[in-house]
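Engineer: Counted the way the numbering used here counts, the sequence shown spans residues 24 to 406.
One structure, as structure tokens, below. Some questions next.
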Amino acid sequence: MEIPFFKEIKIGGYMLKQKLLGRKRFPLVLMLEPLFRCNLACAGCGKIDYPDAILNRRMTAQECWDAAEECGAPMVAIPGGEPLIHKEIGEIVKGLVARKKFVSLCTNALLLEKKLHLFEPSPYLFFSVHLDGLRDHHDKSVCQDGVFDRAVSAIKAAKAKGFTVNVNATIFDNHPAEEIAKFLDFCNEIGVGVSLSPGYAYERAPDQEHFLNRQNTKNLFRDVFARGKGKKWNFIHSGLFLDFLAGNQSYECTPWGMPARNIFGWQKPCYLLGEGYAKTFKELMDTTDWDTYGTGKYEKCADCMAHCGYEPTAALDAVKHPLRAMKVALFGVKTSGPMASEIDLSKQRPAQYIFAEQVQKKLSDIRRDEAAAAVQKKASTAA
Ligand code: SF4
Ligand code: SF4
24 MEIPFFKEIK IGGYMLKQKL LGRKRFPLVL MLEPLFRCNL ACAGCGKIDY PDAILNRRMT
84 AQECWDAAEE CGAPMVAIPG GEPLIHKEIG EIVKGLVARK KFVSLCTNAL LLEKKLHLFE
144 PSPYLFFSVH LDGLRDHHDK SVCQDGVFDR AVSAIKAAKA KGFTVNVNAT IFDNHPAEEI
204 AKFLDFCNEI GVGVSLSPGY AYERAPDQEH FLNRQNTKNL FRDVFARGKG KKWNFIHSGL
264 FLDFLAGNQS YECTPWGMPA RNIFGWQKPC YLLGEGYAKT FKELMDTTDW DTYGTGKYEK
324 CADCMAHCGY EPTAALDAVK HPLRAMKVAL FGVKTSGPMA SEIDLSKQRP AQYIFAEQVQ
384 KKLSDIRRDE AAAAVQKKAS TAA
């Protein structure tokens, strides 16, 4: 199901409305993580290193719908963990679509064919299948043989049933430009749009050796885009975000553009960094010290060029400078010549490490809730 411009027009209209209302900060995409449990253990993943008590927790369907309404973003991306493990995922998606939210269900696709019957094709629903590259590269990236073939089979099955399917690829420094270009050709062949993002250097990811720094990211993307001249690769990014990846824009991130809600609460400051949690979306927006995050301000942000931080910046820039956006659309991304100036890192504040403390607090909360539930159950059985 192809829906050219429908989503873009609605999201563009939403952004213009926020601007006209004079709102300084507003969300574009809710990153909804209803669980952290996954059926893979990828080397570059920083999302699943939790004790079982936390991996076994789920947001309820009602909590997911409440989060979408509370936040108000026109689009909801559901990453994880693996969302298809969630027993209520069909209901969750149905409820979000009924609320006219664009839903991007991110999945490694191992369960997709088996669970397609839980969903109905809709202009509001997209599957975003995790595919980091061609067969050998992807299977190595997800640390399991055969995943690429199963993902591609699921993509074809979903498309045959009328669903819109995109793929999302995380790029690390062990992926040559030539291979990425072949992967993009392959995506064209199977008829899927592509989202690309340099991997964020998660402190809890098992593989700490292959994250790209900013200069290498820009060089690599220039090389990739130069190989795409004359081809019609179907990126589902704004042109200005691609221009940023190629080193032609000096952007600061917009962490509030894609706020994250998971079993801990509303994550501060962004989907990639968990530096504390707020109970409500309003509390997240009002109490996060936004000016202390971003490249040049905080050590953990030094190399970040990830799409969830900078796609909102590019989208806002396109609204503010339509001619700039039009130039990239007409002439493509510049792949040679001087790059835009880089952000100075000399004054960034040092990293804080609070992961263990947060996990401990959540485990205490879980034990307290379980004890209270047991007492209540005993009381009701006795009565
Ligand atoms: S499929 Fe996604 S959530 Fe699961 S381990 Fe890999 S990167 Fe992490
Ligand atoms: S640079 Fe921005 S988007 Fe990236 S980790 Fe830091 S706060 Fe998050």
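Glycine is no exception: its CB is placed at the ideal position from the N, C-alpha and C atoms.
As the structure is a computational prediction, the values presented were derived from the model and not from experiment.
Keeping to the same chain, check which residues put their C-beta closer than 6 Å to that of E334; ignore five residues upstream and five downstream.
Structural biologist: F264
Engineer: Are P146 and G185 touching if we call contact CB-CB under 8 Å?
Structural biologist: no
Engineer: Using 8 Å as the cut-off, can you tell me whether the segment 171-190 makes contact with the segment 124-143, which would need three or more C-beta pairs spanning the two stretches below that distance?
Structural biologist: A contact is defined here as three or more CB-CB pairs under 8 Å, and the segment 171-190 meets this definition with respect to the segment 124-143.
Engineer: Please work out which residues of its chain come closer than 7 Å, Cβ to Cβ, to Y294, disregarding the five sequence neighbours upstream and downstream, and give them in chain order.
Structural biologist: M54, M281, A283 and C331
Engineer: Is the distance from the Cβ of S218 to the Cβ of I194 below 8 Å?
Structural biologist: no
Engineer: State yes or no: is the C-beta of A84 within less than 8 Å of the C-beta of E111?
Structural biologist: yes
Engineer: Please name the residue, chosen from K47, E31, L43 and G35, that lies closest to T277 on a Cα-to-Cα basis.
Structural biologist: K47
Engineer: Give me the Cα-Cα distance between E298 and A183, rounded to the nearest whole angstrom.
Structural biologist: The alpha-carbon separation between E298 and A183 amounts to approximately 42 Å.
Engineer: Within the segment 130-204, note down every full beta strand (DSSP E) run reaching 3 residues or more, in order along the chain.
Structural biologist: 148-153 and 187-194
Engineer: Do the CB positions of D72 and R227 come within less than 8 Å of each other?
Structural biologist: yes
Engineer: Report the residue ranges of all beta strand (DSSP E) runs contained in full by the segment 106-132; include only those spanning at least 3 residues, in chain order.
Structural biologist: If we require 3 residues or more, the beta strand (DSSP E) runs fully inside the segment 106-132 come out as 125-130.
Engineer: Who are the near neighbours of C61 in its chain, counting only those whose CB is closer than 7 Å to its CB and skipping five residues on each side?
Structural biologist: Only I71, G103, G104 and E105 meet the Cβ criterion.
Engineer: Please determine, among S151, N197, C166 and R390, the residue with the shortest C-alpha to C-alpha distance to C210.
Structural biologist: S151
Engineer: For W313, does the three-state DSSP call read helix, strand or coil?
Structural biologist: Assigned with DSSP and collapsed to three states, W313 falls in helix.
Engineer: Under 6 Å Cβ to Cβ from D392, same chain only, skipping five residues before and after it: list those, please.
Structural biologist: none
Engineer: Check for me: the alpha helix (DSSP H) holding K385 runs from which residue to which?
Structural biologist: F378 to A405
Engineer: Can you say whether F354 is buried or exposed, counting buried as having 16 or more other CB atoms within 10 angstroms of its CB?
Structural biologist: exposed
Engineer: Expressed to the nearest angstrom, what Euclidean distance is found between the alpha-carbon atoms of T240 and Y316?
Structural biologist: Roughly 20 Å separates the two Cα atoms.
Engineer: Assess, as a yes-or-no matter, whether the segment 258-272 is touched by the segment 333-352 under the definition of 3 or more beta carbon pairs within less than 8 Å.
Structural biologist: Judged by Cβ distances under 8 Å, the segment 333-352 makes contact with the segment 258-272, as three or more pairs qualify.
Engineer: Find out if the Cβ-Cβ distance for the pair F206, L157 is shorter than 8 Å.
Structural biologist: yes
Engineer: Is it buried or exposed for N271, if we count other Cβ within 10 angstroms and need 16 for buried?
Structural biologist: buried
Engineer: Return the CA-CA distance between F234 and I101, expressed in angstroms with no decimal places.
Structural biologist: 23 Å
Engineer: May I have a chain-ordered list of the alpha helix (DSSP H) segments no shorter than 4 residues that lie completely inside the segment 298-382?
Structural biologist: 304-310, 330-343 and 345-354
Engineer: Look at E56 and T303 and say whether their C-beta atoms are less than 8 Å apart.
Structural biologist: no
Engineer: Let me know the secondary structure DSSP gives F258 once reduced to three states.
Structural biologist: strand
Engineer: Rounded to a whole number of angstroms, what is the C-alpha to C-alpha distance between D172 and A406?
Structural biologist: 56 Å
Engineer: Can N131 be considered in contact with ligand 1, in the sense that its beta carbon sits closer than 7 Å to one or more heavy atoms?
Structural biologist: For N131, the distance from the CB to the nearest heavy atom of ligand 1 is below 7 Å.
Engineer: Starting from the Cα of M82, find the closest Cα among F142, N285, P292 and L346 and give me that residue.
Structural biologist: Distances from the CA of M82 to each of F142, N285, P292 and L346 were compared; the closest alpha carbon is that of N285.
Engineer: Taking just the CA atoms, how far does A394 sit from A402?
Structural biologist: 12 Å
Engineer: Quick test of your reading: L139 and V120, contact by CB under 8 Å. State the CB separation rounded to the nearest angstrom.
Structural biologist: Actually they do not touch by this definition, with Cβ atoms about 15 Å apart.
Engineer: Would you identify the three-state DSSP class for A249, choosing helix, strand or coil?
Structural biologist: helix
Engineer: Using CA coordinates, which residue listed in L141, T318, F59 and K385 is at the minimum distance from R237?
Structural biologist: T318
Engineer: How would the residue list near ligand 1 read, in chain order, if you kept each one whose beta-carbon is closer than 6 Å to any heavy atom?
Structural biologist: In chain order, the residues with a C-beta atom nearer than 6 Å to some heavy atom of ligand 1 are C61, L63, A64, C65, C68, K70, I71, G103, G104, E105, N131, H153 and V165.
Engineer: Return yes when at least one heavy atom of ligand 2 lies under 7 Å from the C-beta of L268, else no.
Structural biologist: no
Engineer: Rounded to the nearest angstrom, how far is the Cβ of L51 from that of A96, given a contact under 8 Å?
Structural biologist: Right, their Cβ atoms sit about 6 Å apart.
Engineer: Quick one: residues in its chain with C-beta nearer than 8 Å to the C-beta of S359, no 5 flanking neighbours on either side, listed in chain order?
Structural biologist: R245 and A249
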